[in-house]
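J.: Would you mind keeping the following structure in view while I ask a few things?
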Amino acid sequence: INQLILTYNQQAQEGITQLRRVEFGLFGLLLLILLLEGILVFRPAVDKLQTALNELEIALSTSQETAAELAAEQAQSERLLLNILPSPIAERLKCSSETTQPHIADGFGDVTVLFADIVGFTDISARTSPQELVSLLNQIFSRFDRLAEHHGLEKIKTIGDAYMVVGGLPHPSDDHAIAVANMAIDMQEAINQFNLDTGEAFSIRIGMNTGAVVAGVIGIKKFIYDLWGDTVNIASRMESHGVAGGIQVTEATYKRLIDTHFFEPRGVIQVKGRGEMATYWLKGKKQLVPTL
1 INQLILTYNQ
11 QAQEGITQLR
21 RVEFGLFGLL
31 LLILLLEGIL
41 VFRPAVDKLQ
51 TALNELEIAL
61 STSQETAAEL
71 AAEQAQSERL
81 LLNILPSPIA
91 ERLKCSSETT
101 QPHIADGFGD
111 VTVLFADIVG
121 FTDISARTSP
131 QELVSLLNQI
141 FSRFDRLAEH
151 HGLEKIKTIG
161 DAYMVVGGLP
171 HPSDDHAIAV
181 ANMAIDMQEA
191 INQFNLDTGE
201 AFSIRIGMNT
211 GAVVAGVIGI
221 KKFIYDLWGD
231 TVNIASRMES
241 HGVAGGIQVT
251 EATYKRLIDT
261 HFFEPRGVIQ
271 VKGRGEMATY
281 WLKGKKQLVP
291 TL
């Protein structure tokens, strides 16, 4: 009997174990069914989310490319702006409000202004095509631009066949008169070399003056950094009342350079709008011997 009971209990236990296996199997099947139903129900939402993520990735990539293009364009615009305006002035213009009319005017109490005019350019224009004329002028002024950069000077503008440069602004300096005088001498040498290279026969007439000016940008279109004041007008008169191949300076400039450069007095001349003025011809640089 005991053996029969033991056998019965074993069979009952095995039956319970099998029932539990079936129960777990049914439970797993139920979970699988629920999972499949959930996937089927949420699949459209999942697809939409994936599509949105793909579109976002494309938009992000496009925006990065656009940002890079805008940065390149901005850098190019800044380079062009710096070719037109001195760096400090360009920065001030960029910081100004779009609704505010730009107006920059700074006073400089001590600068040296140079005007140069190409003598004979009008005669050459009568026998040269406009394209050739502009090409010649570009070659000459490009040499002058390199000289201005070399001497640390600020080119202001060209007017026809005239060239204007200044020393002592926008960054004040103590040796601006020396730098401008040295550039004037180098300009004469540059035009002589240009004639040798091209077979032309150009010469330049140069005038210089030292004093106070107002420098800045006015207006709302086609900005140009320009100078105003009596110092500028007199420098222009020194050029127009000069001679081909000569560098005429005022007494104010002469006094700044007497220890560093050679001069020849021209005497007193009549200057339009100013009356009589004593002027000097700049002839060259002195070879200064350093003191021991």
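Numbered by our numbering, the letters in the sequence shown go through residues 1 to 292 in order. We treat Cβ as the ideally placed atom computed from N, Cα and C, and that holds for glycine. Here the structure is a predicted model, which means the values were calculated and not measured.
1) Compute the distance between the beta-carbons of threonine 231 and alanine 212, then report whether it is under 8 Å.
2) Can you tell which of Thr66, Thr112 and Phe108 has the C-alpha that lies nearest to the C-alpha of glycine 207?
3) For alanine 177, which option in Ile156, Thr210 and Pro170 has the closest C-alpha, if you only look at C-alpha atoms?
4) According to DSSP, arginine 205 sits in a beta bridge with which residue or residues?
5) Whose C-alpha, out of Arg237, Asp117 and Val243, is nearest the C-alpha of glycine 160?
6) Consider the Cβ of valine 214: report whether some Cβ of chain C lies at a distance smaller than 8 Å.
7) If I measure Cβ to Cβ from glycine 120 and keep anything under 8 Å in the same chain, skipping five residues before and after, which residues do I get?
8) Could you tell me whether the Cβ atoms of threonine 198 and glutamine 248 are closer together than 8 Å?
9) Could you spell out the range, first to last residue, of the beta strand (DSSP E) harbouring isoleucine 159?
10) Below 8 Å on the Cβ atoms is my guess for threonine 260 versus lysine 286; work out the distance and round it to an integer in Å.
11) Hey, leucine 133 and methionine 183 are a contact pair by Cβ (cut 8 Å); roughly how many whole angstroms apart?
12) Does DSSP classify threonine 250 as helix, strand or coil?
13) Any heavy atom of the ligand HEM closer than 7 Å to the Cβ of lysine 283?
14) Could you tell me the boundaries of the alpha helix (DSSP H) in which proline 172 lies?
T.: Judging by the given coordinates:
1) yes
2) Thr112
3) Thr210
4) Asp117
5) Asp117
6) In the structure shown, chain C does not exist; there is a single protein chain.
7) Ala201, Phe202, Ser203 and Ala244
8) no
9) In the DSSP assignment, isoleucine 159 falls within the beta strand (DSSP E) that extends over 154-159.
10) 6 Å
11) Leucine 133 to methionine 183, Cβ: 25 Å. No contact.
12) In the structure shown, threonine 250 sits in a strand (DSSP, three-state: E or B).
13) For the ligand HEM, the structure offers nothing, since it holds no ligand at all.
14) Looking at the DSSP string, proline 172 is not in any alpha helix (DSSP H), and its letter there is neither H nor E.
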